[in-house]
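Residue numbering for the sequence shown follows our numbering, starting at 34 and increasing by one per position.
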Amino acid sequence: MIRINNLSYVNWFSHVESCDNVEGVHAFFVMNFYAPSVVLTTGTFMSGKIWVSRTCMSAGRAGESASHGLTENLQHLGFETDRLKTGTPACVDSRTVDFSGLEPQHGDEE
34 MIRINNLSYV NWFSHVESCD NVEGVHAFFV MNFYAPSVVL TTGTFMSGKI
84 WVSRTCMSAG RAGESASHGL TENLQHLGFE TDRLKTGTPA CVDSRTVDFS
134 GLEPQHGDEE
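Below you can see the structure in the form of structure tokens.
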């Protein structure tokens, strides 16, 4: 947890506690945090997946795990969620490609 005057930052939220309003959050490792206000920044790891070759696995960036349960909990509370593809295209060794039959597709000038 990171502490700044009147602000606490905690990573690894599991779900948001709610009846008619948010009263706090339950983080992994069975830690509860109650507060009059909660700011939830979801990042890109909610139900995160990565592909390594043809294998798909649950994860965030290399060495970081996905956030599990938070997406489903927010949907249960009536929030609409979606996934953003933030993928990196596969790298190809240009020495292994015959470019002679291809046309260049240049990017924008800006």
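Beta carbons: idealized from backbone N, C-alpha and C, even for Gly.
Since this is a predicted model, take the numbers as computed values, not measurements.
Item                                                                                                                                                                   : Value
Is H59 helix, strand or coil when you go by DSSP?                                                                                                                      : strand
Comparing alpha-carbon positions, which option in Q108, V125 and I83 lies nearest S98?                                                                                 : I83
Between F66 and V72, is the Cβ-Cβ spacing less than 8 angstroms?                                                                                                       : no
State the DSSP-derived secondary structure class of N38, mapped to helix, strand or coil.                                                                              : coil
Going by DSSP, what residue range makes up the beta strand (DSSP E) through T88?                                                                                       : T88 to S91
Quick one: Cα of G102 to Cα of V125, how far?                                                                                                                          : 36 angstroms
What does the alpha-carbon distance come out to for the pair M64 and E56?                                                                                              : 14 angstroms
Here's a check: name, in chain order, each residue in its chain whose Cβ is nearer than 6 angstroms to the Cβ of T104, leaving out the five neighbours to either side. : M79, S80 and T114
Can you grab the Cα-Cα spacing for the pair R94 / D131, in whole Å?                                                                                                    : 32 angstroms
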